[in-house]
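A.B. asks:
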Amino acid sequence: MSADRALLDEALERGEEEGGNVEFKERLTRAVHLSDGRMESLAAQLRHRVLSGDGVATYVVGVTDDGGIAGIPPDDFSETMDVLSLLAEEAGAHIEDVETWGVGDSAERGLVGVATIREGAMLDVDDDHIVVGTAGHVDHGKSTLVGSLVTGQADNGNGGTRSFLDVQPHEVERGLSADLSYAVYGFSDDGPVHMRNPHRKSDRAQIVQEADRLVSFVDTVGHEPWLRTTIRGLVGQRLDYGLLVVAADDGPTRTTREHLGILLAMELPTVVAITKIDAVSEERAAEVEREVERLLRDVGRTPLSVERHGVDAAVEEISESVVPLFLTSAVTMDGLDDLDRLFESLPKRSAAEGDFKMYIDRIYSVTGVGAVASGTVNSGAVEAGDKLLLGPMSDGEFREVEVRSIEMHYHRVDRANAGRIVGIALKGVRESEIERGMVLLPANSEPTAVREFEADVMVLNHPTRIQEGYEPVVHLETISEAAVFHPDGGRLLPGDTGTTRVEFKFRPYFVEEGQRFVFREGRSKGVGTVTKVD
Numbered sequence: 001m002s003a004d005r006a007l008l009d010e011a012l013e014r015g016e017e018e019g020g021n022v023e024f025k026e027r028l029t030r031a032v033h034l035s036d037g038r039m040e041s042l043a044a045q046l047r048h049r050v051l052s053g054d055g056v057a058t059y060v061v062g063v064t065d066d067g068g069i070a071g072i073p074p075d076d077f078s079e080t081m082d083v084l085s086l087l088a089e090e091a092g093a094h095i096e097d098v099e100t101w102g103v104g105d106s107a108e109r110g111l112v113g114v115a116t117i118r119e120g121a122m123l124d125v126d127d128d129h130i131v132v133g134t135a136g137h138v139d140h141g142k143s144t145l146v147g148s149l150v151t152g153q154a155d156n157g158n159g160g161t162r163s164f165l166d167v168q169p170h171e172v173e174r175g176l177s178a179d180l181s182y183a184v185y186g187f188s189d190d191g192p193v194h195m196r197n198p199h200r201k202s203d204r205a206q207i208v209q210e211a212d213r214l215v216s217f218v219d220t221v222g223h224e225p226w227l228r229t230t231i232r233g234l235v236g237q238r239l240d241y242g243l244l245v246v247a248a249d250d251g252p253t254r255t256t257r258e259h260l261g262i263l264l265a266m267e268l269p270t271v272v273a274i275t276k277i278d279a280v281s282e283e284r285a286a287e288v289e290r291e292v293e294r295l296l297r298d299v300g301r302t303p304l305s306v307e308r309h310g311v312d313a314a315v316e317e318i319s320e321s322v323v324p325l326f327l328t329s330a331v332t333m334d335g336l337d338d339l340d341r342l343f344e345s346l347p348k349r350s351a352a353e354g355d356f357k358m359y360i361d362r363i364y365s366v367t368g369v370g371a372v373a374s375g376t377v378n379s380g381a382v383e384a385g386d387k388l389l390l391g392p393m394s395d396g397e398f399r400e401v402e403v404r405s406i407e408m409h410y411h412r413v414d415r416a417n418a419g420r421i422v423g424i425a426l427k428g429v430r431e432s433e434i435e436r437g438m439v440l441l442p443a444n445s446e447p448t449a450v451r452e453f454e455a456d457v458m459v460l461n462h463p464t465r466i467q468e469g470y471e472p473v474v475h476l477e478t479i480s481e482a483a484v485f486h487p488d489g490g491r492l493l494p495g496d497t498g499t500t501r502v503e504f505k506f507r508p509y510f511v512e513e514g515q516r517f518v519f520r521e522g523r524s525k526g527v528g529t530v531t532k533v534d
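full-length UniProt numbering numbers the first residue of the sequence shown as 1 and each following residue consecutively.
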């Protein structure tokens, strides 16, 4: 990550003042600085710095004792951060943020960093935290609605608030999402806790610190060519609820129906928000509401109009069969107070007991930290320092790794429970060796890589029969892989429910009985449940 050089300059100017809160360190090592006696001394020094700064200390790493910029190799910097984190924990504090940049020639580039250390243990997040997945047609206002919810700011009519999500520059420029994006807001006794400046990562971290209840959004892609990414967001995340968006000026489309089908196939309680009511007449908004109600009834669901029955009824009745409907506008903010009340009140659904498990969705590297695997914790809990198994690799083996640190919406936590969307920095593996669809499990488990499994499937739509050797893409958790179907009896017809053997074409994955999945090939699709693992 890049740093603001002014932060370093300020630290260098203040220097290691007697009684000050700035400390210079060239590097720290486990062998030397965590040895008997030395660790206690350094922890006491860190505690002194924190108290001198009214609860905050600054450690400048990669510099000499007199403040000269030296720079240290990335591996040494990573070990230094590990040691500093342990010293902070010993002193009753935690590393809140680390800013880093490179110095020296490109051939032998070193790192310098400024670590902000704050008094108090790293915070865990209250269990009352829900994750909502959005769906809906392109240009129907998913990201804009979420952007206005998490900031409390009205949109400018051109989708301005969608830029407040985790989106790439080319997505902002084109006004189209091409990958999953994420957002968070929360609630306290005083009401919603919004981002003050959504473009600052620290503001997202502040929400995690201040809110008593969190709502995380996984914002999917509405453009039809990226259906694969939408399915990944709705199937591969541990969602509590779905939020289907329908624009009042356009009404339900084929993509609306397809996304609704995926939400229902995953048995996800869903809310429908009819957006852009500021752009149409009341008559048109009412007409689209009736269209959505008919669509829901056609698939065996009961619509519940919040305008007629109220938010309390929506909270009480929402289920796999009852779908609340909201009329909203991100421009006028109509209906957003009602959505706030809903999300503040909905119960957590997806918490799972058992051992830790997390399927990996995104992989990236952070300077000075190393490889980071991001995803939603499926079950159990994970803590910094835990030993885990990562895999399966392409050869079916699992590799032992160590949890270096955990972040949730840019806020560092020492523990993450089921349902959390987190980034886990891993020691013992390179970014290039991690792939989407891999899983993290406890080191004492004995997982088996699976190349094929049996499943009960339902064919939702297909132009002809599905026969032996049918090759769709299977979406299971964060796995998205070509597979070969071997159906019992040799075929399955549209609308049929049957049993098939499913064989991954290219590599094995970690699969368990009871997991649900979606399969598709062109416009054909279906759903299934794993019944037996070979």
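By construction, the Cβ of each residue, glycine as well, lies at the ideal position given by its N, Cα and C atoms. The structure presented is a predicted model; accordingly, all values stated were derived computationally and were not measured.
1) Determine the burial state of glycine 469: buried for a count of at least 16 other Cβ atoms within 10 Å of its Cβ, exposed for fewer.
2) Can you tell me the Cβ-Cβ gap for leucine 295 and proline 252, rounded? I've got them flagged as a contact below 8 Å.
3) Answer with buried or exposed for asparagine 378, where buried requires no fewer than 16 other C-beta atoms within 10 angstroms of its C-beta.
4) Is there contact between the segment 132-152 and the segment 70-83, where contact requires at least three CB pairs shorter than 8 Å?
5) In whole angstroms, what separates the C-alpha of glycine 20 from that of glutamine 206?
6) Are the CB atoms of glutamate 454 and threonine 499 within a distance shorter than 8 Å?
7) Using alpha carbons as the reference points, say which of Ala384, Ser216, Leu493 and Phe517 lies closest to alanine 482.
8) Determine whether the beta carbon atoms of leucine 426 and valine 457 lie at a separation below 8 Å.
9) Grab me the residues of threonine 80's own chain with a C-beta within less than 6 Å of its C-beta, minus the 5 sequence neighbours each way, in chain order.
10) Going straight from the alpha carbon of glycine 242 to that of alanine 88, what length do you get?
11) In the structure shown, what three-state DSSP assignment does serine 321 receive?
12) From this set, Thr275, Ala416, Gly354 and Phe398, which residue's C-alpha is nearest isoleucine 406's C-alpha?
13) For my contact list, glutamate 96 and alanine 43 are in at a C-beta cut-off of 8 Å; report their separation, rounded to the angstrom.
14) Taking the beta carbon of valine 474 as the centre, do at least 16 other beta carbons fall within 10 Å, making it buried, or is it exposed?
15) Ignore the nearest five residues each way along the sequence and tell me which others in threonine 531's own chain have a CB closer than 7 Å to its CB.
16) In chain order, what are the residue ranges of uninterrupted beta strand (DSSP E) at least 3 long that sit wholly in the segment 321-371?
17) DSSP state of threonine 478, grouped into three classes?
18) Mapping DSSP to helix, strand and coil, what is glutamate 446?
19) Which class does residue 546 belong to by DSSP, given the choice of helix, strand or coil?
20) Could you tell me the alpha carbon to alpha carbon distance between valine 401 and aspartate 361, rounded to whole angstroms?
21) Let me know if glycine 55 comes out buried or exposed under the rule of 16 or more other beta-carbons within 10 Å of its beta-carbon.
22) Tell me whether threonine 116, by its Cβ, gets closer than 7 Å to a heavy atom of the ligand ADP.
23) Quick one: give me the first and last residue of the beta strand (DSSP E) that serine 52 is part of.
C.D. replies: Well, looking at it:
1) exposed
2) 5 Å
3) buried
4) no
5) 26 Å
6) yes
7) Phe517
8) no
9) Arg27, Leu28 and Val61
10) 40 Å
11) coil
12) Ala416
13) That pair is no contact at about 17 Å.
14) buried
15) Glu454, Ala455, Asp456 and Glu513
16) 322-327, 357-359 and 362-366
17) coil
18) coil
19) Residue 546 lies beyond the range of the chain shown here (1 to 534); nothing can be said about it.
20) 17 Å
21) exposed
22) Looking for the ligand ADP in the displayed structure turns up nothing, as the structure carries no ligands at all.
23) Segment 38-52 is the alpha helix (DSSP H) holding serine 52; no beta strand (DSSP E) there.
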